[in-house]
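Under the numbering used here, the first residue of the sequence shown is numbered 11, with each subsequent residue one higher.
Structure, as structure tokens:
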Amino acid sequence: MTKPVVRKKKPRKRRFGEKWWSGLWIRALESFGWTSRLQRGRSYARDGQVLKLSVEPGLILGLVQGSRPEAYRVDIKLQVIPPKEWRRIIYIMAQRASFAAKLLAGEMPQNIEKAFEQARVSLLPREEADFDAQCTCPDRVNPCKHIAAVHYIAAAEFDHDPFMIFKLRGMTKDALLDALRDRRGGGRRPDQRGAPEGDMLPADPEAFWRTGPRLHEFWVTIQAPEVDIAVLKRLGKPAFWKDPADFTKLMSEIYEMTTRRALELAASEAEAEETARGTGGA
């Protein structure tokens, strides 16, 4: 009896620069005319030759296994953005509600480069001279395939954590988010603000249960959030959640359904009010 032929499933090739921001990193490298060297480095990266990688302000460090027993050390230096420029960038980000909302939710906003361009700074490298890369291998070509491999693994890390790009340019995630919250909060942290000023409530128990004369001035706007489940994304999965279902995905669906229903109710109430006003004036 002939045995059935079992075809082994080919392993999925590792991709780099899948997110738009890391894709910009790869395209910036390709624009320097490094195409052939990058291809060799990409093969090394896909084959798992990069043993270790770390990203620090102004520096990418990597260990790459080459043809020799001892791994090669790769150092890629990129100038950090000065603190003065970062303050300007953060000020611009804070003025854009969508930028601030997405960053505070742990997401990379589309067109984030616009904030840097407005501050006359580039988030990503613009020319080959922006890099100072060294490798302990004997290859005289720079970038060698080991340096190129580290570039690709760095792009893969940026895919998982976009804030690593900011860290590379001199601003850690915590420092950036703290500065944004500070800016969005009017320059002081919540625990530094004084008690809100206002008129004292009248010492009349009966008045406590009645609406105030200025209630009609209170206006509520109902709209979809700029970032879905922003708070839940920041908090993460709760400790009590034991269900195998994806907590964030499940809650996102519930929030989306709730938002849609709230908008429908708000629209129907507004339409009813318009109709009532039209009928009353007829």
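Just so it is clear, CB atoms sit at the ideal spot from N, CA and C, and this is done for glycine as well.
Here the structure is a predicted model, which is why all the values come from computation and not from measurement.
Tell me whether L63 sits in a helix, a strand or coil according to DSSP, three-state version. strand
L71 - partner residues in DSSP beta bridges: S64, D85
Go ahead and pull the three-state DSSP assignment for P250. Note that residue 250 is Phe in the sequence shown, not Pro. Coil, per DSSP.
Comparing the CB of F42 with every heavy atom of the ligand GTP, is any distance shorter than 6 Å? In terms of ligand content, the structure shown is empty, and the ligand GTP therefore cannot be addressed.
Residues in the same chain with beta-carbon distance under 6 Å from M118, minus the five sequence neighbours each way, listed in chain order, please. W31, P172
For D142, which beta-bridge partners are listed by DSSP? K87
Please give the ranges of any beta strand (DSSP E) in the segment 141 to 199, keeping only runs that are unbroken, at least 3 residues long and fully inside the region. 141 to 145
Along the chain, where does the alpha helix (DSSP H) that runs through S77 open and close? Neither: S77 is in no alpha helix (DSSP H) and is coded neither H nor E.
Give me, in chain order, the residues of the same chain whose beta-carbon lies closer than 6 Å to that of E28; leave out the 5 immediate sequence neighbours on both sides. D169
Go ahead and label Q105 buried or exposed: buried means 16 or more other beta carbons lie within 10 angstroms of its beta carbon, across all protein chains shown. exposed
State the Cα-Cα distance for the pair R293 and K94, rounded to the nearest angstrom. Within the shown structure, residues of the chain are numbered from 11 to 292, placing residue 293 beyond reach of any answer.
Reduced DSSP secondary structure (H/G/I, E/B, other) of E40: helix
Where F26 falls: helix, strand or coil (DSSP): coil
If you draw a straight line from the alpha carbon of A55 to that of W35, how long is it in whole angstroms? 16 Å
Chain-order list of residues whose beta-carbon lies under 8 Å from that of S278 (same chain, five-residue window excluded): none
From the DSSP output, in three-state form, read off A213 for me. coil
Using only the alpha-carbon positions, how far apart do E274 and L186 sit? 37 Å
Nearest residue (CA-CA) to G68, options V60, P254, I175, M267: I175
Distance, Cα to Cα, R130 vs D85? 27 Å
Where does R271 fall in DSSP's three states? helix
Output the distance between the C-alpha atoms of G76 and T182, rounded to the nearest integer angstrom. 32 Å
Suppose you measure from the CA of R98 to the CA of N121; what does that come to, to the nearest Å? 17 Å
Taking only three categories from DSSP, how would you classify T221? coil
Do L242 and H161 have their C-beta atoms closer together than 7 Å? no
Proximal residues to L134 (C-beta, below 7 Å), its chain only, five neighbours per side dropped: L34, W35, A38
Expressed to the nearest angstrom, what Euclidean distance is found between the alpha-carbon atoms of L48 and L178? 21 Å
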